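Input: a single structure, listed below in structure tokens.
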Amino acid sequence: MRVIINSQEQSNELVAMEYVKLLKDKPASVLGLATGSTPLGLYSKLIEHYKSGAVSFKDVKTFNLDEYIGLSSEHEQSYRYFMNKNLFEHIDIDLKNTNVPSGLGADEKACEDYERSLIEAGEMDIQLLGLGTNGHIGFNEPLTPFDSVTRIVKLADATREANKRFFSSIDEVPTHAITMGISSIMRAKKIILMVFGAAKAEVVKQVVMGKPTIAVPGSLLQLHNNLDIYLDFEAASRLG
Ligand code: F6R
201 MRVIINSQEQ SNELVAMEYV KLLKDKPASV LGLATGSTPL GLYSKLIEHY KSGAVSFKDV
261 KTFNLDEYIG LSSEHEQSYR YFMNKNLFEH IDIDLKNTNV PSGLGADEKA CEDYERSLIE
321 AGEMDIQLLG LGTNGHIGFN EPLTPFDSVT RIVKLADATR EANKRFFSSI DEVPTHAITM
381 GISSIMRAKK IILMVFGAAK AEVVKQVVMG KPTIAVPGSL LQLHNNLDIY LDFEAASRLG
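Residue numbers (this note's numbering): 201 to 440.
Right under this line is the structure:
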């Protein structure tokens with residue numbers, strides 16, 4: 201595990217350079233992507249690097265971590281919509297190579313199909329993650345088993361509360377999501393966890409310095425042999 205502490209701006213640039221380097225070496229990479237506030241700066245940098253000709257996503261395949269149950273891809277808060285608006289529409293990726301679990305009609309078979317397509321695509325070259333204030337990764341909430349795979353989950357109250365900022369009221373925040381599991385995430389060749397802001401300083405301490413435990417899903421990432429954690433100064437402020 202490497203913990204890299206910088207400003208948010210510099211973290212975004214350093215992570216963007218990781219992608220530029222990877223895609224130069226391996227244009228047909230498989231990328232695991234995340235949504236939420238955290239990766240927005242990184243995605244802007246990737247778009248800049250694409251526009252400057254430094255990188256192409258033409259042969260890249262992507263898999264997103266999760267999607268809200270009940271939201272269609274046209275819903276402005278759906279993660280498919282987020283990915284199209286904040287990244288895919290601005291780069292040369294073939295939309296057919298982008299995978300976001302569907303929030304409509306998701307059932308056990310849809311979960312199995314998503315997991316199978318992940319496995320068939322080969323190991324993800326980089327899995328990008330953000331961290332919930334309760335330690336979740338993807339929508340794997342506290343006490344998710346280590347061997348979990350793609351499935352439908354009930355969102356923790358803390359998660360719905362944290363994400364209500366994107367909706368007009370808490371009642372509109374979906375109660376369930378489809379998410380890759382911890383074991384789906386751990387199969388990646390490399391994991392990059394990005395965490396910003398003072399509100400996550402306490403959970404970052406548990407993730408980085410605590411014993412790996414399913415009570416704090418992010419702490420299980422310590423068991424991965426190629427993990428880079430990018431923090432801003434505020435998120436790192438409790439590391440001592
Ligand atoms: C998003 C995801 C979530 C977020 C986490 C942090 O696809 O899987 O685990 O990464 O909730 O969200 P932000 O970045 O909005 O603080």
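Glycine is no exception: its CB is placed at the ideal position from the N, C-alpha and C atoms. Since the structure is predicted, the reported quantities are computational estimates derived from the model, not experimental observations.
Counting every other CB atom within 10 Å of its CB across the protein chains shown gives residue 409 a total below 16, marking it as exposed.
Around the C-beta of residue 316, fewer than 16 other C-beta atoms lie within 10 Å, and the residue is accordingly described as exposed. Taking C-beta atoms as the reference points, residue 426 and residue 382 fail to come closer than 8 Å.
In the DSSP assignment, residue 439 falls outside any beta strand (DSSP E) and carries neither an H nor an E. In the three-state DSSP reduction, residue 432 falls in the strand class (E or B). Bounds of any beta strand (DSSP E) do not take in residue 375, whose DSSP letter is neither H nor E. Residue 266 is bridged by DSSP to 379. Taking non-hydrogen atoms of the ligand F6R into account, the C-beta of residue 318 is found less than 7 Å away from none of them.
Excluding sequence positions up to five before and after residue 270, its CB lies within less than 7 Å of the CB of 303, 374, all in the same chain and listed in chain order.
With fewer than 16 other Cβ atoms inside 10 Å of its own Cβ, residue 272 counts as exposed.
The alpha carbon of residue 322 has as its nearest neighbour, out of 292, 388, 343, 310, the alpha carbon of 388.
Remark: the C-beta of residue 336 is in contact range of the ligand F6R, defined as less than 7 Å to any heavy atom. A distance of 8 Å or more separates the beta carbons of residue 430 and residue 231. Distance check between residue 208 and each of 238, 325, 359 places 238 closest, using alpha-carbon atoms only.
The beta-carbon distance between residue 397 and residue 435, rounded to whole angstroms, is 6 Å. This is short enough to meet the 8 Å contact definition. Within the chosen limit of 7 Å, the ligand F6R reaches the beta carbon of residue 329 through at least one heavy atom. Partner residues in the beta bridge of residue 230, as assigned by DSSP, are 261.
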